[in-house]
Amino acid sequence: KSKILSINNQVLFTNFDISVYENGEFLIKETIDKYKKLNSLINTPSFHIRKSLEDIDAVEFYDSVRYGLKSTFVATKFASKVMRKQEFGNITNMTSDAGLGVENSIGHSATSEGTIGMTRTVARDMAKYGVTCNAICAGDFVSASILAASLCLDSMQSISGKTFGTKDGSIFIYQEPRPIDTISKWGGFELEDLESIMPQTIDKTLSDN
136 KSKILSINNQ VLFTNFDISV YENGEFLIKE TIDKYKKLNS LINTPSFHIR
186 KSLEDIDAVE FYDSVRYGLK STFVATKFAS KVMRKQEFGN ITNMTSDAGL
236 GVENSIGHSA TSEGTIGMTR TVARDMAKYG VTCNAICAGD FVSASILAAS
286 LCLDSMQSIS GKTFGTKDGS IFIYQEPRPI DTISKWGGFE LEDLESIMPQ
336 TIDKTLSDN
């Protein structure tokens, strides 16, 4: 803290649980009181319980969602109100690729994928107000920090609803989910139809892609 203040005494430090709804409102109010506007919000939750489905209990799973996903929602909720009135602003959500499926990390996986889904929705909800929202799966935090800072630049404001990743000094972008194959039947399917069709269709689709 002292090192940062020696560089820039305009930094504002706060210390409270951002997963508490009222604290999110207070954080944004303090920011506006000091700086008069809010250009950017970067959410960086770092709570992770490394447990499998078998070992994790309900409280631990809830804590994963509370400190990982809810805290991002709370800060975004109140920041977006200000940005909507300003008609500008950008939001970046740090997350991970655990949502793709990581062994012994069920709470973290749920939180990570939830953050990405929320990011896409916020981007769509806020587009008409000139506000952008993106997610970064931060495998390499140094590169993720630089990428997050770059997304605050005016020249980057056409980028929204995207999921980026960083690893070993590299930055990449994820393809958005889309259907890759379709099966149809007039009148709808019966259970027996899918039993015979689905395995072959999935095997063929995956081999073609």
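In my numbering, each number is its position in the sequence shown, counted from 1, plus 135.
We put the beta carbon where it would ideally sit given N, CA and C, even for glycine.
Judged by DSSP secondary structure, G252 falls within the alpha helix (DSSP H) whose first and last residues are I241 to M261. Of the residues assessed, M261 falls on the buried side of the cut-off, its CB having 16 or more other CB atoms within 10 angstroms. Around the beta-carbon of P314, fewer than 16 other beta-carbon atoms lie within 10 Å, marking it exposed. Counting of Cβ neighbours within 10 angstroms places S231 among the buried residues, the total reaching 16 or more. Fewer than three Cβ pairs drawn from the segment 233-245 and the segment 279-286 lie within less than 8 angstroms of each other, which leaves the two stretches out of contact. Within the same chain, and ignoring the five residues on either side of F196 in sequence, the residues whose Cβ sits closer than 6 angstroms to its Cβ are G242. Secondary structure of I332 (DSSP, three-state): helix. DSSP, read as helix, strand or coil, puts L176 in strand. Between I153 and S206, the CB-CB gap stays under 9 angstroms. Residue state for S305 is assigned as strand, using DSSP reduced to three classes. Counting only unbroken stretches of 3 or more residues, the beta strand (DSSP E) elements lying wholly within the segment 173-223 are 175-178, in sequence order. Cβ-Cβ distances below 8 angstroms link I308 to K297, T298, F299 and G300 in the same chain, with the five nearest sequence neighbours on each side left out; the list follows chain order.
By a beta-carbon distance limit of 8 angstroms, L162 does not contact N225. Their separation comes to about 17 angstroms.
Per the DSSP secondary-structure output, T227 pairs in a beta bridge with I177 and N269.
T298 is bridged by DSSP to A270.
When Cβ pairs closer than 8 angstroms are counted between the two stretches, the segment 247-260 is seen not to touch the segment 287-294, the count staying below three. Under the three-state reduction of DSSP output, S293 falls in the coil class, being neither helix nor strand.
N158 carries a helical assignment under DSSP once its states are collapsed to helix, strand and coil.
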